[in-house]
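Colleague:
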Amino acid sequence: MSRKARLLQAKDEPYETRTIISMYMLGIFIRCWLIYSKYQSIIGHHVEISTPLNSWKRVSEGLYVQSKGINPYEGDLIHEAPVILLLYRILTQTFYLPAEFLFLLVDSLTAVVLYFVAKKYMFHLFVFQERQKGEYAQDSKEFILSGADFLNSPVFVMAAFLFNPYTIFNCVGLSTTVFHNFFLAIFLLFMLQGNPILAPIALAFSAVMSLYAGVLISPLFLYLYVIYKDKVRAYIALGVFTLTLVALTCFSYVLGSGSAFLKNVYGFILTVPDLQPNIGLFWYFFTEMFDHFRELFICSFQINATVLYLIPLSVKFRNDPFLLTTAVLFLVAIFKSYPCLGDIGFVMSLFPCFMHLFMYAQQGFLVGVIFLITSALGPILWHLWIYSNSANANFYFGVTLAFAIAEIFLVTDILFAYMKREFCLKYGSERKIDGKEAILMLE
Amino acid sequence: MKNFNLIIYFVISKFYGLFIIAHCKDSFNENLKVKPLSHNLVQVEFEFILRRFFNRSSVDIYQYRNFDIFPRSFAQLVEPSNVSEFKVSLTQGNWRWKQWGAPISEAAPFGGRLTAWFDVDDSNLHDISLLREEETQLQSQWKLLSSSLSGYLCGSFSFIEDQHNTFSPSFSFEPTGKAHFSSEGSYKREQLLLRTHKSKRYSMWLDSLFSSSVSKKNPCEKKRANQKLFLSHYPIERVCTENLLPLLRLLPCRSAQGLSSLIDPSKLFSAKYTSLSLFWKRYCPYEKSLCDVRSGELVVTVSYVTEREPLSLGNSLLHFLFKNSFSQLDSCALAEQSYVSFDPDGSGIFAITKTIQEVKDGLLMDENNTFLQKEKEKEKERKYWLWDSKFPVEMERRLTGSGKQKRGILVHLRNNMKGNISVTYLETLPWQMQPFLHSLAVTSKAGNRENILQFVNYIPSIDRNRSALLELVCVLPSASEVTISFDMYTKFLRYLEYPYDPHRGFHMGPAALIIRGLPAEFFQVTNKRAVVMYSSNLVVLIPAPDFSMPYNVVSLTSVLLTFFFTLLTGNVVRMWKVSES
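Protein chains in written order, with our numbering: chain A, 1 to 443; chain B, 444 to 1024.
Encoded structure:
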C-alpha cells in the first residue's frame, strides 16, 4: 500500500470521549505534579520561559510594591499593563487564589478552548471543501479529507497543547504568557464563530498584554469578510477592536498609575531597553550594537516582526485565514522582542489542525531534530555561561539562532505545503506535459 | 571737590574696615590626635580647622574679597553652589570596627564619597511645579559642586554627571550645622519628586490635567526651612599623593610649618587605613543674626592607621611615627592653637593635650611615664585583643547567590549590648542590580519582623537614570543578631555600559548603618549625634557578552532574517508550475 493510503487509513474511527477525558486529566496531572515539585523554581528561573515581560516574580513584586503605596510603574520593574495587573490583583488578593492554582486553571481552560477552536476549524474546512469539490481534479480525490480526519484533529490539537513540553514549562514556570495564550484562544474561538463583538474584545485584551497580538486584526477582518462574506460584520469588528483598545488604555490611566505605564509597558516592548537573554534575536543584536544605530535597527526589527509579512501573507492566504492566523502568530513568536517558549508552544499546538498538509511538508525531520537539540543544548550552555563561568554568550546566541532557523523552516514549510496542496487539488497528482514526465517547481 | 569726596570716602571705609577686621577674623587651629588600637596599631589623625566669619552689619563692601588665612580658592569653589554643608572623603582601606573599636572622629568608607546639604523651602511641598523647579536648581548646584571638587582635589567626582549615582536618603543622616532639618519633610519631598524621570514640560502638563489633588502655593505662605541631602559614592576611587597636595595647599602654613609638616605621604599611603576628608559647614560663633551666610568652618582631616612598636606610648610613639620630622617640628605662626592630643588607653577620651612646645620639651614623656606603668600592668591582666572598649554593634554584609544573574544581599547586624539600639540601615543599589522588595526578610531569634523593622523607605530604580535606595529604620533587640536579606538580580547591559574590565566585576558601594540609640557616653566624646558604620564594598561578577563580536552578531542575525525573507517572499510571489526538467 502506498504511504499516502496508509496514512489515510490510519484512524478511521473517532476517539472515544473517555479517551479524550483521560488524556486531558493526564495533561493536567503532569502540570500539577511539576508545579508543586521542587523543579518549579528551577524551571521558572530559566530565561527561555520567563522574560522581563512575563515573569511572575516581577508581577508579585509589583503587587507587593503597589500594596505599600509605591507606584509599580515608577521603576523599571513591571511591564504588565495596569488592567492586567488589576486582574492579577483581583484574582490573587480578592479571591485568594494561590498563583499555582490560577495558572493551572487558566492553562486547562486554554486546552479546552483550543479543542473547540480546532473543531470549528475542521467544520469550516469541511464546508469549504464541499463547496469547492466541483473544481477539484479527478485524481485528487485521495487528498480530500474524510470524516475521521475532521473528528480527530481537535483531539490532536488538545493533545499537542497538553503534552507539548514548551507549554508544560510555560505553565509550570509561572509565566503570564499563560494568560496571553488564554486570551488568544478565546479570540480564535470567537473568530471562528464569526462573532464581531467578542472576538475583537478578546483580541484587545491580548493586544493590551502584548502589543504584537494586534496584528491578528487582519486575519479577523479577512475571516469575517471572506469566509462569512459579511462586510458589515468585518467593519464592526474593526470598530469594536479600536474602541476596546482605547477604552482599556483610558481605564489604565484612570487606575491611578498616571501615564508612567505607557513607557513601562508599550515603550518597553517597542524600544527593548532590557537586554535579558531569551530565545529571540533581539537581545544579543542590541547588546553588541553601538547606540548610534540603535533607533534604526529597532524600527527595522519591529517592522519585520509586525507588518512586513502581514500584508503579503494576508493577500496570499486570504482564502484560509486560519492558516494565516497560525502563520502570523508563529512569525510574531519568532520575531517579537521578548519571545518565550510559551508563545512557540501555543502555536505548535495549533499545527495538528493542518494535518492534511503534513504529507507535503518536506522538512519535518530536520525541524524536529533541531528543536530537540536546541531545547536540550540551550539550558546547558546557559549554565556554562552564567554559573560555570567557562563558556560565553556566543554559545547561547548560537543556540538561539539555530532555534530560530528551525522555526523558520517549520513555518515556511507549512506555507509551501499549503500552496502545493492547492495546486495538487486543482490539477491532480499527474505531472505530465505532453505525455512526458515533468516536475513541480516554483516560478 | 570730587577728589576730596573720594578721599573722605576712602578714609572712612578703611577706618570701618579696620574696625571690622578686629571683629571678623579668620582663625586656624590644628590638632594632632593619636589613639592606640589593638594589634600594635595606632590611629593618627591630623585635624586642621579654618574658620571665617563675616559681620553682616558691616559696611565694608570689600570684606568678602579679603582673604587672610582662609584659602581663597576654596571660598570661590564653595560660594557659587550655595551649599550649606558638605563633606568629601577619599579613603583607602576599610575601618575594622570589630578589631579597632570606634575611630577618633569618623570612619569613612572605601573610595570617594561626597555628601552635600542644600537649603530647601518646605512650603513648596504644596506646589509640584515649584518643587520641580527647586529640584532642578538644586541638581545644577550639586553638579557644580561635584565637578568643582573633582578638579580641585584631582578626584573623579565628576562621574556624578547623571543622576543615577546620586541618592537622597531622608531618614539616615542629619546636618551637623545649626540648620533646621525635618526628615518627614524630606521624605515627603522625595515621594513627590518621584516622577522626575519624565521631561519637565510633560510632567507639568500632566499635573495640570490631573491637578485636583495638587494646588498652587499660597504666595503669602512663609518659608519653612529644611535641608536636602545629596549623597554620592564612587567605590573604586583610589587615593594618592595628588589628592593630598591640594588639601595641604589649603592650610596657611602649607606643609612647611606646624603639624602638617609631620605628614609623610609615603607612610600615609602605605597605611592600613587612610582617609583624607574635607568638611565645610556654615558656622557662626556668635548669634546667628550677626553672621553672613558665607561664614563657615572648614575642617581638613588626614587620618591613618599604622603600626607602632609594641607598647610604645608618649614621646617614643611620636618619635616612631614621625621620625625625622619630629625634631624639626615648629608650630605654625598663623595658628591660634596647635595641640597634640593623646588617648593613652584607647577609650576615646583624649586625656593628654599638650601644645607643640610642651611636647618638644618632653612634657609628654613625663606625664606618660606613669601611664606607661599602668598600661604595662593592664596588659598583663587582659588579652591583647581586648585592648579597646569594644564597640557594641557589628555589621557584616555579604553577597549571596550562585551564578552571575541571581544574587542577593545578606546583612548580619549584631547588638552586643543590653538594651535595644535604634539604627537606620541605608542601602544604595546601582541601577544595574534589580532588588526585589517582596523578598526582604528580617529575621532574628529575639524578635519578629514587626518588632524589628519599623519603617521601610524604598525608592525603585530606573534603568540608566536613577539608582535604588532602601532605608530600613530598625530596632536591634538587646544582645541578639538580626539578619536582613533580599534578592537582587543583575541586569544585562549594553555594549558601552559595561565597566572597563567586565570580567573583574562590578563594584557596589557600601551600606551604611547609622546608630543613634547608643548610651550617652559614646556621643560625649565625639560630640556627634550618631555613629555611622560602613560595610565594605562588594564586587559583583556580571554576565558580560563577548565584546569582540559586534560585526559577527549583526551579520549572522541579518543573514537569518534575510534567509527567512527570501523563503517567504519566494513562496508568496511565485506560483507552482509544472515544467519540464
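Virtual Cβ for every residue (Gly too), placed ideally from N, Cα, C.
These numbers were taken from a predicted model, which means no experiment stands behind them.
1) Fully enclosed by the segment 937-1017 of chain B, which alpha helix (DSSP H) runs are 4 residues long or longer?
2) What are the residues in the segment 990-1004 of chain B lying within 7 Å of chain A by C-beta distance?
3) Taking 7 Å as the cut-off, decide whether the C-beta atoms of Tyr747 of chain B and Val487 of chain B are in contact.
4) Near Leu455 of chain A, what residues of its chain come up, given a Cβ to Cβ distance below 8 Å and the 5 sequence neighbours on each side ignored?
5) Just how far apart, CA to CA, sit Val885 of chain B and Arg959 of chain B?
6) Alpha carbon to alpha carbon, how far is His607 of chain B from Asn908 of chain B?
7) Is there a Cβ from chain B that is less than 7 Å from the Cβ of Asn394 of chain A?
8) Going along the chain, which residues of its own chain have a beta-carbon closer than 7 Å to the beta-carbon of Thr287 of chain A, five neighbours each way excluded?
9) Measuring straight from C-alpha to C-alpha, what distance separates Trp585 of chain B and Arg667 of chain B?
10) So that I know if they touch, is there some Cβ in chain B lying closer than 7 Å to that of Gln362 of chain A?
11) Should Gly75 of chain A be flagged as near chain B, meaning a C-beta pair shorter than 7 Å?
12) Give, in chain order, every residue of the segment 346-360 of chain A whose Cβ lies closer than 9 Å to some Cβ of chain B.
13) What's the C-alpha gap between Glu685 of chain B and Tyr677 of chain B?
14) Answer yes or no: does any C-beta atom of chain A fall closer than 7 Å to that of Asp906 of chain B?
15) Show which residues of chain B have a CB atom less than 9 Å away from the CB atom of Phe423 of chain A.
16) Can you confirm whether Ser175 of chain A, when its beta carbon is compared against all beta carbons of chain B, has any partner nearer than 7 Å?
17) Could I get the ranges of all uninterrupted alpha helix (DSSP H) runs contained in the segment 843-922 of chain B, with 4 residues as the minimum, in chain order?
18) Between B:Val996, B:Leu588 and B:Asp989, which has its C-alpha nearest His946 of chain B's C-alpha?
19) Give the single residue among B:Asn669, B:Trp560, B:Trp874 and B:Leu520 whose Cα lies nearest to the Cα of Tyr941 of chain B.
20) Only counting the same chain, and skipping five residues up and downstream in sequence, which positions put a Cβ closer than 7 Å to that of Phe834 of chain B?
21) Does Ser101 of chain A pass the burial test, meaning 16 or more other C-beta atoms within 10 Å, or should it be called exposed?
22) When you compare the CB positions of Ser599 of chain B and Glu680 of chain B, do they come within less than 7 Å of one another, or not?
23) What residues in the segment 83-106 of chain A bring their beta carbon closer than 9 Å to a beta carbon of chain B?
24) Does any CB atom of chain B fall closer than 7 Å to the CB of Ala404 of chain A?
25) Report the residues of the segment 267-279 of chain A with a CB closer than 9 Å to any CB of chain B, ordered along the chain.
26) Looking at the C-beta of Lys316 of chain A, does it have a partner C-beta in chain B at a distance below 7 Å?
27) Here's the rule I'm using: 16 or more other beta-carbon atoms within 10 Å means buried, otherwise exposed. How should Trp33 of chain A be labelled?
28) If you run the structure through DSSP and keep just helix, strand and coil, what is Glu490 of chain B?
29) If you follow the beta strand (DSSP E) that Glu528 of chain B is part of, which residue opens it and which one closes it?
30) According to DSSP, simplified to helix, strand and coil, what is His46 of chain A?
31) Using 10 angstroms around the beta-carbon of Val866 of chain B, count the other beta-carbons present and answer buried if the total reaches 16, otherwise exposed.
32) Taking 7 Å as the threshold (C-beta atoms), are Met976 of chain B and Met838 of chain B in contact?
33) Mind listing the chain B neighbours of Tyr136 of chain A? Cutoff is C-beta to C-beta under 7 Å, in chain order.
34) If I follow the unbroken beta strand (DSSP E) through Arg556 of chain B, where does it start and stop?
35) Among B:Val997, B:Glu577, B:Pro618 and B:Cys663, whose alpha-carbon lies nearest the alpha-carbon of Glu633 of chain B?
36) So, Glu528 of chain B versus Pro618 of chain B, is the Cβ gap smaller than 7 Å?
Modeller: Straight from the coordinates:
1) 963-969 and 993-1016
2) Met992, Pro993, Val996, Val997, Leu999, Thr1000, Leu1003 and Leu1004
3) yes
4) Because chain A in this structure spans residues 1 to 443, residue 455 of chain A falls outside the shown range and cannot be described.
5) 20 Å
6) 5 Å
7) yes
8) Leu275
9) 21 Å
10) no
11) yes
12) none
13) 17 Å
14) yes
15) Met1018, Trp1019, Lys1020 and Val1021
16) no
17) 892-895
18) B:Asp989
19) B:Trp874
20) Trp540, Gly544 and Ala545
21) In the sequence on display, residue 101 of chain A carries Phe and not Ser. When all chains shown are included, Phe101 of chain A counts as exposed.
22) yes
23) none
24) yes
25) Pro273, Asp274, Leu275, Gln276 and Pro277
26) yes
27) exposed
28) strand
29) Glu528 to Gln535
30) coil
31) buried
32) yes
33) Simply none; closest approach about 16 Å.
34) Gly554 to Asp564
35) B:Glu577
36) yes
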